[in-house]
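This report concerns only the one structure given below.
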Amino acid sequence: METKHRDLTPDLFGPLGVDEQESERIAGPPVGFWRDAWTRLKKNRGALISLATIVLLFAMGFAIGPLVASHSPYAQDLSRRFAAPSADFWFGTDEFGRDMWSRVWAGTRVSLYIAFLAALLDMFVGVTFGAVSGFLGGRVDDLMQRVIEILNGVPYLVVAILAMLVFDPGIITISIAIGITGWTFMARIVRGRMLQLKDQEFALASRSLGASRSRLVWKHLIPNSLGPIIVNLMFTIPSAIFAEAFLSFIGLGIQVPEASLGSLISDGAEQLRFHPYLLWLPSAVFCLIMICFNLLGDGLRDALDPKMRK
Amino acid sequence: MTRYVARRVIYMLVTLFLIASITFFISKMLPGTPFADPKLTPQVRQQLFEKYGLDEPLYVQYVKYMVNVAQGDLGNSYYFEGRPVSQMILSRFPVSMFIGVQAVIFGIVVGLALGIVAALRHNTIWDTLAVVIAVIGVSVPTFVLGPVLQYWLGLKLGLFPIAFFESWWHSVLPSLVLSVFVISEIARFTRSEMLEVMGQDYITLARAKGLSGLAVIIRHVLRNALIPIVTVLAPLTIYLVTGTLVVEQIFAVPGIGEQFVTSVFVNDYSMILGTSLFFSVLFILALLIQDISYGIIDPRIRVHGAKE
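Protein chains in written order, with this note's numbering: chain A, 7 to 316; chain B, 15 to 322.
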């Protein structure tokens, strides 16, 4: 190809000029922290499926399961004990002839309820404790940290067992026992964030505008710590679910005739030889719950706190 | 370092003191007395109360109880009359420990191997396998895994005895069940730490110096990757304790866990409280060892105190 040479004369060159308006224009809509996290979470297929499954499990436990069940979870009928799964009893019946379908969903309800309550306690006690400790600092912080170090040595199992002995065994007692020991890790994380954030410019700005201390903490510092709080919450939940099921399995948790997945699994293990469906069904539902919460937790951690990714 | 260790030990003692005090007051809050038998005449009951010091004021009982606990005396079992709780615990402990230690050793060996292979063959089938096992390990609890393995390996395939504790073969299934969580934790940890270390500059330097691949992995990567693994120690202990309760129940192993579950069913309060105290001591000791070894490895923790 032939190129045509042309003389370069100075008049060909001139300042282009910067359009002030143009350079200030923002190219795309601003992507905030939460939008960014949501985009990252959407890419994680396992976490999304888990989220959908958890929603489904909630629906099954609280609405669909009991609604479509034609038998009460408590009605005993010895004439129909150990009925195998059939059109009438979808999950079969247990040794007292109780309908396993409704019992499994009743147990699921307990697990999800525990998940919710443990998360709530963790959030209120752990976040408040950590926020106060980190924000006030000094002697108060010192004292509060000593309290945490001492509580940290108390195994939850022991607290739960002792609580079960003194109070009536049941959902409330289990929740309290889990709540007493479960929040220390959350408090540590929130305290760390507080120490890190409280001297930053935006906090100083808010303070110089006359914001009160509680406003500063609740409107600025806590919202800025929500990422780590949510991530930690997602790991509290499966351990609380496990704790309840474990206690029910060894007979210290939910008492008959109430059903918990732990006690159903315990009963099922005894009948394993002749009626294995009594073990498989509650076990499968329980493992599904655990896997979903764990995968969702992993996904949220990657989405909200990419640095923590392991 | 001495100051750091001394501080950890003091925390440990305070925690233990607290737990022991709580167990004492809980034992006082429990309904009924150990001598509620209606056949006892008031005089005999009075004598029994005097013999066991139950007629004394609460604070005297408390001091006596604490002194006894400090000496390792946890009182007598309510159910098996006259048998000291501490003796019953110690007689059962070796069986539980054997199963637990076997599970941990097996778990560490398999977990390490799996974690190393997963990190070296990053994004291959081995890697996926390690991730899947890690998810299963935290999601499938011992009380599901136990019956499942009992059913398949024991009952269907007949490879191992499914219950009791008569020979080494009987310990295989219980240990196997316990080891799954250990494998998953160790594999996950080793994998992620190795991936992190392999990206470091000093690994590139080691390679640039001309060290062979194996030497780099063993001398540089593994050594640095395995340091933080001590953080698994305390959670692992608490897991083994809960695991023992479940596994011994499922496989009818005469260990400390099986005894504990039985004592729950027969309301043997002194046994329950004593075992709880024993578990607490185990956990706190593990925590202490973890903190101290962490302090030795990472000097920053010694200076700043708590790990963040």
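Beta carbons are placed, not taken as given, at the ideal position from N, Cα and C, and that holds for glycine. Note that the coordinates shown come from a computational prediction; the quantities given were computed from them, not determined experimentally.
Between Ser117(A) and Leu258(A), the C-beta spacing is not below 7 angstroms. Val244(B) does not reach chain A, its nearest Cβ partner there being about 16 angstroms away, counting only Cβ pairs nearer than 9 angstroms. Within chain B, no residue has its CB atom less than 8 angstroms from the CB of Asn238(A), the nearest being about 13 angstroms off. Each of Phe292(B), Pro268(B), Val295(B), Gly309(B) was checked against the Cα of Ile113(B), and the nearest Cα belongs to Pro268(B).
A distance of 7 angstroms or more separates the beta carbons of Val160(A) and Phe293(B). For Ser289(A), the C-beta contacts it makes with chain B under 7 angstroms involve Val158, in order along the chain. Taken in chain order, the members of the stretch 241-271 of chain B whose beta-carbon sits within less than 8 angstroms of a beta-carbon on chain A are Ile252, Val255, Thr256, Leu259, Val260, Gln263, Ile264. The straight-line gap separating the alpha-carbon atoms of Ile228(A) and Ala20(B) is approximately 35 angstroms.
For Asn90(B), DSSP records a beta bridge to Pro98(B). Not one beta carbon of chain B lies nearer than 7 angstroms to the beta carbon of Val146(A).
By the CB criterion at 7 angstroms, Ile184(A) and Ala124(A) fall inside the cutoff. The C-beta of Thr29(B) comes closer than 7 angstroms to at least one C-beta of chain A.
At a beta-carbon threshold of 9 angstroms, none of the residues of chain A lie near Phe63(B); the nearest stands roughly 22 angstroms away. For the stretch 141-175 of chain B, the continuous alpha helix (DSSP H) assignments of 4+ residues that do not extend past its boundaries occur at 156-163, in sequence order. Using a CB distance cut-off of 7 angstroms, Val262(A) does not count as an interface residue toward chain B.
Look at the stretch 158-186 of chain B: the residues with a C-beta under 8 angstroms from a C-beta of chain A are Val158, Gly160, Pro161, Val162, Gln164, Tyr165, Leu169. In the DSSP assignment, Thr99(A) forms a beta bridge with Asp105(A). Here the stretch 262-279 of chain B makes no contact with the stretch 19-34 of chain B; the two share fewer than three CB pairs at distances below 8 angstroms. Thr37(B) reaches chain A at Leu168, counting residues in chain order whose Cβ is nearer than 8 angstroms. Inter-residue distance for Thr114(A) and Val291(A) is about 8 angstroms (C-alpha atoms, whole angstroms).
Of all alpha-carbon atoms in Val262(A), Ile236(A), Phe299(A), the one lying nearest the alpha-carbon of Phe130(A) is that of Ile236(A). Put simply, the CB of Leu301(B) is near chain A, with a gap under 7 angstroms to one of its CB atoms. For Met285(B), the nearest beta carbon of chain A is not closer than 7 angstroms to its own beta carbon. Residue environment analysis places Leu270(A) among the buried positions, since at least 16 neighbouring C-beta atoms fall within 10 angstroms of its C-beta. Phe195(B) is outside the set of residues whose beta carbon lies under 7 angstroms from a beta carbon in chain A.
In terms of CA proximity to Ser35(B), Asn82(B) leads the group Asn82(B), Thr245(B), Pro56(B). The Cβ-Cβ distance between Ala137(A) and Met200(A) falls below 7 angstroms. Residues of chain A with a Cβ closer than 7 angstroms to the Cβ of Ser110(B) do not exist; the shortest Cβ-Cβ separation is about 15 angstroms. The stretch 204-213 of chain B and the stretch 127-135 of chain B touch, with no fewer than 3 CB-CB distances between them shorter than 8 angstroms. The three-state reading of DSSP puts Tyr66(B) in helix, counting H, G and I together.
Contact check between the stretch 223-230 of chain B and the stretch 151-166 of chain B: fewer than three CB pairs, one atom from each, fall below 8 angstroms, which does not count as touching.
Counting C-beta pairs with one atom in each stretch, the stretch 242-262 of chain B and the stretch 271-286 of chain B have three or more that are closer than 8 angstroms, which means they touch. A Cβ-Cβ distance of about 5 angstroms is found for the pair Ala148(B) and Ser198(B), placing them in contact under the 8 angstroms criterion.
Contact with chain B is found for Gly159(A), since one of that chain's Cβ atoms lies less than 7 angstroms from the residue's Cβ. With respect to the 7 angstroms criterion, Arg46(A) and Ala309(A) are classified as neighbours on the basis of their beta carbons.
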